[in-house]
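In this text, residue positions in the sequence shown follow the UniProt record's numbering: the first is 1, and each later residue adds one.
Every residue, glycine too, gets a C-beta built ideally from N, C-alpha and C.
Here is the structure we will look at.
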Amino acid sequence: MRRRQLLAALLLAPLLALPAARAANLDDLKAAGVLRVAVYRDFPPFSFIRNGELAGIDIELARAIGQKLGLAVNFMPITPADDVDGDLRNAVWKGHYLGGGTAELMLHVPFDAELARRNDNVHLFGAYYREQLAWAGQSVPGSAWQIASQRIAVENDSLADLYLSALQGGRLRGQLQHYPNPGAACAALQAGQADAVFGSRSELEWSLQGGGWQLGQPQTPGLLKAGWEIGMATKESLRDLAWAASDALAELRASGELAAIFQRYHVSYRPADEH
1 MRRRQLLAAL
11 LLAPLLALPA
21 ARAANLDDLK
31 AAGVLRVAVY
41 RDFPPFSFIR
51 NGELAGIDIE
61 LARAIGQKLG
71 LAVNFMPITP
81 ADDVDGDLRN
91 AVWKGHYLGG
101 GTAELMLHVP
111 FDAELARRND
121 NVHLFGAYYR
131 EQLAWAGQSV
141 PGSAWQIASQ
151 RIAVENDSLA
161 DLYLSALQGG
171 RLRGQLQHYP
181 NPGAACAALQ
191 AGQADAVFGS
201 RSELEWSLQG
211 GGWQLGQPQT
221 PGLLKAGWEI
231 GMATKESLRD
241 LAWAASDALA
251 ELRASGELAA
261 IFQRYHVSYR
271 PADEH
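Below you can see the structure in the form of structure tokens.
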């Protein structure tokens, strides 16, 4: 869905976790006292390095779940593969061919029925957020059809880029400005080098915090899904971990702690069941 747009920058070596033995069930995990969690590298505001340490929404969420389960959290930063199927293979059920083992839990997995069907070695669960495409600029058009002569910044090869490039037979291609990541696209807007940015709302909110920019979700004719749910994955054999983590997630949502985590990163919390 969007994994190609995540950068493959390396994290600091001390943060890379050592391979862990595969737990047979939640009791094994509790006996060991450690939960290994896979997160994406260099993916602000969800997982990134700040002041030499891992930070982000997914980092705080993983630690909060671990605390609910009485487990310390050991992070396994992963470089995105060509697609999410490859990420699940490398991080959850098989491991990368270069080694490094697997994790018991992976965050930021699209909560999608077709993805689940194709990957019967993993269990998808715990949708905790609804991502959506959004527009940012001095004003927000009612529809992507209404874009006139604006210079539009997009992340290269992202869903936003592919959609606008194909819209109306490619009419907007000449207006698109391509950048390596959402932060660079937003920086172009802030510098006056672009009139608008189109991309994932969470990344726009993080990159444009405090600037007074308007953000909104225009109509996207012809696009099957302008929003998608984000959840978790574990090994098919660790269903009891999924049940316990789901209970922990429900408690975090009910108490308001989940929304507070998003707020700390200037991202509007949208429940996964919100449409």
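Using the Cα positions of residue i and residue j, report the straight-line distance between them to the nearest angstrom.
i      : j      : result
Glu257 : Lys68  : 12 Å
Ala62  : Arg171 : 43 Å
Arg270 : Ala260 : 12 Å
Arg41  : Thr79  : 6 Å
Ser202 : Arg130 : 10 Å
Trp135 : Val73  : 35 Å
Ala21  : Arg173 : At Ala21, the pLDDT of 47 sits below 50, so the modelled position is not reliable and the matter cannot be decided from this model.
Arg36  : Gly169 : 46 Å
Ala187 : Gly137 : 12 Å
Arg264 : Glu251 : 19 Å
Tyr128 : Gln217 : 20 Å
Tyr97  : Arg89  : 10 Å
Ala17  : Met76  : A caution first: Ala17 carries a pLDDT of 36, below 50, which makes its placement in the model unreliable, though a value can still be read off. Approximately 6 Å, taken between the alpha carbons.
Gly70  : Asn51  : 27 Å
Leu224 : Leu115 : 16 Å
Asp27  : Gly66  : 14 Å
Ala244 : Leu29  : 12 Å
Measuring CA to CA, which of the options is closest to residue i?
i      : options                           : result
Pro180 : Tyr265, Asp27 and Val154          : Val154
Gly107 : Ile57, Gly101, Ala185 and Cys186  : The displayed chain sequence assigns Leu, not Gly, to residue 107. Looking at the Cα atoms, Ile57 is the closest of the given residues.
Gly126 : Ser165, Met232 and Tyr269         : Met232
Leu238 : Ala81, Val122, Ile59 and Val73    : Val122
Asp273 : Phe111, Arg173, Gly174 and Phe262 : Phe111
Ala24  : Ser255, Leu249 and Glu236         : Glu236
Gly86  : Ala55, Gly100, Ala64 and Asn119   : Asn119
Ser268 : Glu205, Leu224 and Glu229         : Glu205
Phe262 : Leu26, Ser47 and Lys30            : Ser47
Val84  : Leu54, Gly70, Arg117 and Gly99    : Arg117
Gln175 : Gly216, Pro182 and Ser165         : Ser165
Leu105 : Leu124, Ile49 and Ala160          : Leu124
Give the C-beta separation of residue i and residue j to the nearest angstrom, bearing in mind that I take them to be a contact with Cβ-Cβ under 8 Å.
i      : j      : result
Val140 : Gln209 : Not quite, the Cβ-Cβ distance comes to about 17 Å (not below 8 Å), so this is no contact.
Thr234 : Ala226 : Thr234 to Ala226, Cβ: 28 Å. No contact.
Per DSSP, what are the beta-bridge partners of residue i in this structure?
i      : result
Phe198 : Trp135
Thr234 : His123
Ala38  : Met76 and Met106
Phe48  : Ala55
Tyr43  : The sequence shown places Phe at residue 43, rather than the Tyr named in the question. Ser47, per the DSSP bridge assignment.
Gly227 : Gln132
His96  : Answer is none; His96 lacks a bridge partner.
His178 : Val154
Gly216 : Trp135
Taking 7 Å as the cut-off, is the CB of residue i close to at least one heavy atom of the ligand ZN?
i      : result
Ile147 : Among the components of this structure there are no ligands whatsoever, and the ligand ZN is therefore not found.
At least 3 beta-carbon pairs within less than 8 Å: the region 149-168 vs the region 191-201
yes
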